[in-house]
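Visitor: Numbering (my numbering), first residue to last: -14 to 172. Even for Gly, the Cβ is constructed at its ideal location relative to N, Cα and C. Treat the numbers as computed from the prediction; the structure is a model and nothing was measured. Pasting a structure here, questions to come.
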Amino acid sequence: MFTIVTTAGDSRIMSDDSTATTAALRAGLAADPLWDFALSFYARPGVETACLLLQDEANVDVCELLWHCWLFRHGLVPAEETPGLADIRRWQGEVTLPLRGLRRQLKAAAVSDAGTAEVRRYIKRAELAAERETLERLQRLAEYSIDLAVLHLDATSLEICLIRRWKLQKKAQVLAAKTLECQLDPL
């Protein structure tokens, strides 16, 4: 038997049976939807900036990054290549990324052209809907995938997990990972 304290503040006595432990921790995921977590966490000071820096400088998918933070908060970590993640990444590449690219492409023209600004707003809403769909798929993956591991008390920090996962090396990227860890603590 051992105790796991998640960053969500839960303290749980768990058996050494990792299947039972993972199932018990996984049960808490449905009570804390990833979408709600993402909105709340992203609004915290420095989180948006950190996420966008990692997206633009290290090619980190923000939805996947938020998913990792959410899982960490619940005392879980995904396997390096969780089955089903490739399909979600494909969705992001085929749907979300083209919308983001188009929205960014129209940014300058939208400043001086009301019609372009309106089209850009529609694209932004579509991009947000695509990101929400991604987060819902990631939540389902976490709830039903067998490739999640329990994060033990002596585990490394979220910062170190993110640095290792995405091989972050630049100082700004490491600081962004630290910001995410610091802002996750109070939730």
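What's the C-alpha gap between Phe57 and Gly100?
Guide: Stepping through the sequence shown from its first residue, residue 57 is reached at position 72. Stepping through the sequence shown from its first residue, residue 100 is reached at position 115. Near 43 Å, if we compare the C-alpha coordinates of Gly100 and Phe57.
Visitor: What are the start and end residues of each continuous beta strand (DSSP E) run of 3 or more residues lying completely inside the stretch 119 to 162, in chain order?
Guide: 133 to 135
Visitor: Counting along the chain, where does the alpha helix (DSSP H) carrying Pro83 start and finish?
Guide: Position 98 of the sequence shown holds residue 83. Counting along the chain, the alpha helix (DSSP H) containing Pro83 begins and ends at Leu82 to Ser97.
Visitor: Where does Val62 fall in DSSP's three states?
Guide: Counted from its first residue, the sequence shown places residue 62 at position 77. In this structure, Val62 counts as strand in the three-state DSSP scheme.
Visitor: Taking Ala102 as the reference, which of Val32, Thr119, Leu91 and Glu166 has the closest Cα?
Guide: Indexing the sequence shown from 1 puts residue 102 at position 117. Checking every option, the nearest Cα to that of Ala102 belongs to Leu91.
Visitor: Quick check on this structure: which residue in Asn44, Glu66 and Leu70 has the alpha carbon closest to the alpha carbon of Gln154?
Guide: Residue numbering aside, residue 154 sits at position 169 when the sequence shown is read from its first letter. Selected option, being the one with the closest Cα: Asn44.
Visitor: Whole angstroms is fine: what's the gap from Gln168's alpha carbon to Gly31's?
Guide: Residue 168 sits at position 183 when you count from the first residue of the sequence shown. Residue 31 sits at position 46 when you count from the first residue of the sequence shown. Our two residues, Gln168 and Gly31, have alpha carbons roughly 8 Å apart in a direct line.
Visitor: In the structure shown, what three-state DSSP assignment does Gly100 receive?
Guide: Position 115 of the sequence shown, counting from 1, holds the residue named residue 100. DSSP places Gly100 in helix when its eight states are reduced to three.
Visitor: Does the beta-carbon of Arg105 have 16 or more other beta-carbons within 10 angstroms, so that it is buried, or is it exposed?
Guide: Counting from 1 along the sequence shown, the entry for residue 105 is found at position 120. When all chains shown are included, Arg105 counts as buried.
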